[in-house]
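**Q**
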Amino acid sequence: LSRSEPLTILDYMEGFLVSKTLFTACELGVFDLLASSQHPLSLEEVALGIRASQDGTERLLAACTGLDLLNTHTLDGQVMYSNTEQSSVYLTQSSPVSLTQSIHYSSKTIYLCWHYLTDAVREGSNQYEKAFGVKSEDLFEALYRSEEEMVKFMQLMNSIWNICGRDVVTAFNLSPFTTIYDLGGCSGALAKQCVLAYPECTVTIFDLPKVVKTSREHFVTNDNQRVSFHEGDFFKDALPDADLYILARILHDWTDVRSIELLTKVYRACRPGGGVLVVEALLCEDGSGPLTAQLYSLNMLVQTEGKERTAAEYTALLTAAGFQNIQVERTGKIYDAVLGRK
Ligand code: SAM
1 LSRSEPLTIL DYMEGFLVSK TLFTACELGV FDLLASSQHP LSLEEVALGI
51 RASQDGTERL LAACTGLDLL NTHTLDGQVM YSNTEQSSVY LTQSSPVSLT
101 QSIHYSSKTI YLCWHYLTDA VREGSNQYEK AFGVKSEDLF EALYRSEEEM
151 VKFMQLMNSI WNICGRDVVT AFNLSPFTTI YDLGGCSGAL AKQCVLAYPE
201 CTVTIFDLPK VVKTSREHFV TNDNQRVSFH EGDFFKDALP DADLYILARI
251 LHDWTDVRSI ELLTKVYRAC RPGGGVLVVE ALLCEDGSGP LTAQLYSLNM
301 LVQTEGKERT AAEYTALLTA AGFQNIQVER TGKIYDAVLG RK
């Protein structure tokens with residue numbers, strides 16, 4: 001055995017210590033406090049500011065420094081703390097590309113589901129009942145078990161498209177498609193990226209009524225003239241006709257059978273010459289990676305009815321629904337794009 005092997009395993013074994021350090025520093029507002037200060041802060045000042053014990057704060061700040069989330073320097077013999085550049089950009093609530101809401105959802109929802117990963121693997125099903133006492137046949141009734149959970153989920157969905165939304169909407173030239181429906185469009189973050197990239201298009205966010213209401217009130221401002229809403233259930237209600245349907249992180253929630261059912265409805269509603277854009281984290285055909293998509297697929301097991309899939313698997317689903325000329329573009333970021341045409 002090479003000496004590096006047990007080290008890697010130790011890193012994996014203790015990986016959750018890193019996650020929990022990040023969750024806690026965000027929850028206590030360490031990065032916000034440091035961002036709001038004009039100058040680096042001492043341990044005493046941080047402990048006072050986040051209303052925590054000095055001993056605990058000292059260890060937390062040390063671990064954050066070791067993780068390159070904080071910078072330190074010494075002033076008159078005292079250690080002073082400040083945010084690193086990536087912490088200022090991603091870990092402060094006021095940043096336009098903040099990940100703090102996603103971190104909160106990871107900490108308070110996903111982490112609790114992962115506690116039951118062993119059961120999930122054994123049973124092959126999600127763990128809402130054990131983690132939260134929610135027994136529901138309807139996946140999104142469980143996910144949206146309270147108004148607060150729904151808003152937190154929407155914030156989680158929202159944040160990633162500020163970071164890699166442009167890559168997925170420009171993976172193909174979508175300019176021939178002017179009437180676009182974003183099915184399960186949620187907070188509208190991808191719809192906004194789409195209208196920014198294509199000045200001729202309009203995008204309608206189709207989602208469950210309570211999601212649309214929240215999106216209208218909290219996520220999409222009135223000056224976004226080319227983004228509108230449509231309340232509905234994509235399994236039960238008729239789909240309006242359009243040139244392009246976006247299904248971003250939708251199929252990964254569902255079984256193959258339900259995915260084909262949905263795609264078949266989309267195919268029927270689609271105008272001839274139109275298409276469907278599937279946005280997902282694609283697995284490699286040979287099972288070798290990418291690790292993020294492999295871990296996301298486990299996450300789909302603990303949280304949903306679906307899984308992450310390979311390009312060939314999406315191609316098969318699209319073909320079964322009637323779509324043709326299927327093209328795949330890997331963006332090199334987390335999410336990739338698959339385009340099918342009618
Ligand atoms: N497309 C968004 C994105 O990538 O950020 C959100 C993806 S989220 C995993 C799934 C979305 O599908 C949620 O917004 C949810 O409300 C919506 N959804 C779930 N079931 C639905 C249904 N039956 N009809 C319409 N929308 C639904």
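Take 1 as the starting number for the sequence shown in full-length UniProt numbering and just add one per residue.
We treat Cβ as the ideally placed atom computed from N, Cα and C, and that holds for glycine.
In this text the structure is predicted, and so the values were computed from the model without any measurement.
How big is the Cα-Cα spacing for L43 and H104?
**A** 24 Å
**Q** With distances taken Cα to Cα, identify the nearest neighbour of T310 among L282, N325, K333 and S36.
**A** L282
**Q** Go ahead and pull the three-state DSSP assignment for A171.
**A** A171: coil per DSSP, three-state reduction.
**Q** Looking at the ligand SAM, does it come within less than 7 Å of C194, judged from the CB to the closest heavy atom?
**A** no
**Q** Compare the C-alpha of T100 against each of K236, N158 and A316 and name the closest.
**A** N158
**Q** So, with DSSP's three-state summary, where would you put F132?
**A** helix
**Q** Comparing the CB of F235 with every heavy atom of the ligand SAM, is any distance shorter than 7 Å?
**A** F235 has its Cβ nearer than 7 Å to a heavy atom of the ligand SAM.
**Q** Considering only the alpha carbon of each residue, which of I160, G322 and V203 lies closest to residue 375?
**A** With the chain covering 1 to 342 only, the question about residue 375 has no answer from this structure.
**Q** For I326, count neighbouring C-beta atoms within 10 Å of its own C-beta (all shown protein chains included) and say buried if the count is 16 or more, exposed if not.
**A** buried
**Q** According to DSSP, is C270 part of a helix, a strand, or is it coil?
**A** strand
**Q** Within the same chain, show all residues whose beta-carbon is closer than 8 Å to that of E285, passing over the 5 residues directly before and after it, in chain order.
**A** T310, A311 and A312
**Q** Please report the distance separating the alpha-carbon of D253 from that of A35.
**A** 37 Å
**Q** Rounded to whole angstroms, what's the CA-CA distance from T178 to L48? Just pull it up for me.
**A** 54 Å
**Q** Given a cut-off of 8 Å on the beta-carbon distance, is the pair E280 and D207 in contact?
**A** no
**Q** In chain order, what residues of the same chain have a beta carbon less than 6 Å from the beta carbon of T170, not counting five sequence neighbours either side?
**A** A197
**Q** Mind checking who S228 pairs with in its DSSP beta bridge?
**A** T204
**Q** Would you check whether the ligand SAM has a heavy atom nearer than 7 Å to the C-beta of R249?
**A** yes
**Q** Answer yes or no: the CB of D253 versus the heavy atoms of the ligand SAM, is any distance below 7 Å?
**A** yes
**Q** Given a threshold of 16 other Cβ atoms within 10 Å of its Cβ, counted over all protein chains shown, does T72 qualify as buried or as exposed?
**A** exposed
**Q** Rounded to whole angstroms, how far is the Cβ of L117 from the Cβ of V302, which I believe are closer than 8 Å?
**A** Correct: roughly 6 Å between the Cβ atoms.
**Q** Quick check on DSSP: helix, strand or coil for V220?
**A** In this structure, V220 counts as coil in the three-state DSSP scheme.
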